[in-house]
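Single-structure report; data block below.
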Amino acid sequence: MRTRDFFYELPPERIAKTPLPERSASRLLVLDGPSGRIEDRRFGEIGDLLGPNDLLVFNDTRVIPARLYGRKESGGRVEILVERVVAPDAAWCHLKASKAPKPGALIVLEGEYRGTVQERRGELFLLKFRDAPVDEVLQTVGHIPLPPYIDRPDTPLDRERYQTVYAQKPGAVAAPTAGLHFDEALLNRLRRQGVAMAFVTLHVGAGTFQPVRVEEPSQHRMHREWFEVGAETVAAVARARSLGGRVIAVGTTVLRALETAAQTGTLRPCRGETELFILPGFTFRCVDALITNFHLPQSTLLMLVCAFAGLEPVLAAYRHAVRENYRFFSYGDAMFVTRR
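If you read the sequence shown in our numbering, its first letter stands for residue 2, the second for the next number, and so on.
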């Protein structure tokens, strides 16, 4: 297996740069993993694919305005993406500058907030905020961290739409995008239908966009992300199983959290950091179906979907989506995929 095996051609115009006016108005490509059968539907019809004993599991993380702009003492511009807040006044960050700042360097942010680089570990820099807590700085001058393929400044609309309607726990620097298609009206319809719902938390890191740069995917080092699977969700999974229902992950982040918590063979309450990298050949212990957006060529997320439903069926579905003018990536359309 090679990284190039997960490549597909995508015309740039297929990348969705803005959300649709209505969340649930997106399209839905249904892929049956065992047979490879493809069906074109609308996301608002998702209830037709769910039974009354099925369980939807959502990621309730909340995207923080993690992108900051500033300048070095020399005047050079700096773009900062907060990866993880580790103290009220400190965070690990990605820094983009013409020349990487050294420990001790002062950075002046918008609003004249100041930060000092404390140390560097690999691609991350520890930034200590001097004038206010990290939270205050982000809420005052932070920008929504749109993915790199949405090459435009963020807008006030992004603060609402690059966020799920059920987001609760701040900490993500990228949205769990499969959940962006659900609005309150759709959720209420599914509840009335008898579909059960549960939540995990996984704070999506910037590493979700990190490309696989090695020829063999197994040599790729996965980034770490904080997650929690609580006792209530474990009980909800057991209840769905006892009733003959399916466990349906709303997004790859939910799938990774659940499968991490089930690595011993039994799903248990679990919290901590996961660096689980799912490749074809992985043994799934918890999730039966997956709702997910379309992912970048040769990405770890596409590899995960291929592990779930098969390399050739997934790539065939992607080629179909390109031909049928589906919208791709974070603000794009969705897939409903059953496990092969």
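Backbone N, C-alpha and C define an ideal beta-carbon position, used for all residues, glycine too.
Enclosing alpha helix (DSSP H) for residue i [first to last residue]
i      : result
His321 : Leu312 to Arg324
Val235 : Ala232 to Ser243
Arg162 : Pro157 to Arg162
Arg257 : Thr253 to Ala262
Beta-carbon proximity of residue i to residue j, cut-off 8 Å
i      : j      : result
Val255 : Phe59  : yes
Tyr9   : Leu305 : no
Val109 : Leu96  : no
Leu191 : Arg24  : no
Val248 : Ala241 : yes
Ala175 : Ala199 : no
Leu312 : Ser219 : no
Ile16  : Phe329 : yes
Phe283 : Ala318 : no
Phe337 : Leu69  : no
Val86  : Val135 : yes
Val90  : Arg115 : Looking at the sequence itself, residue 90 is Asp, so the reference to Val does not match. Their beta carbons are not under 8 Å apart, which means Asp90 does not touch Arg115 by this criterion.
Val238 : Cys271 : no
Thr178 : Gly252 : yes
Gly172 : Ile292 : no
Ala92  : Leu56  : no
Met223 : Glu276 : yes
DSSP state of residue i mapped onto helix, strand, coil
i      : result
Glu276 : coil
Val166 : coil
Arg193 : helix
Pro171 : strand
Residue i, buried or exposed, once every other Cβ within 10 Å from all chains shown has been counted against 16
i      : result
Glu226 : buried
Arg324 : exposed
Asn189 : exposed
Arg43  : exposed
Pro20  : buried
Glu40  : exposed
First and last residue of the uninterrupted beta strand (DSSP E) at residue i
i      : result
Leu127 : Leu125 to Phe130
Asp41  : Ile39 to Arg43
Glu14  : Segment: none, Glu14 is in no beta strand (DSSP E) and carries neither H nor E.
Arg68  : Arg68 to Lys73
Glu120 : Arg115 to Arg122
Val87  : Arg78 to Ala88
Close Cβ partners of residue i (< 8 Å) along its chain, the five nearest in sequence each way excluded
i      : result
Pro102 : Lys73, Val79, Leu96, Ile108, Val118 and Phe126
Ala46  : The question names Ala, but residue 46 in the sequence shown is Glu. Closer than 8 Å at the Cβ level, and outside the excluded window around Glu46, lie Leu29.
Gly185 : Before going further, note that residue 185 is Glu rather than Gly in the sequence given. Correct list, in chain order: Val166.
Close Cβ partners of residue i (< 7 Å) along its chain, the five nearest in sequence each way excluded
i      : result
Thr234 : Val58, Ala199, Phe200 and Val201
Arg320 : Tyr9
Thr141 : Gly112
Phe7   : Pro298, Gln299, Leu303, Met304 and Cys307
Arg160 : Ile145
Lys170 : Asp61, Thr62, Arg63 and Thr202
Arg1   : Beyond the ends of the chain as shown, which are 2 and 341, falls residue 1; an answer cannot be given.
Residues near residue i in its chain [Cβ-Cβ closer than 6 Å; skip 5 each side]
i      : result
Ile151 : Lys18
Ala168 : Arg63
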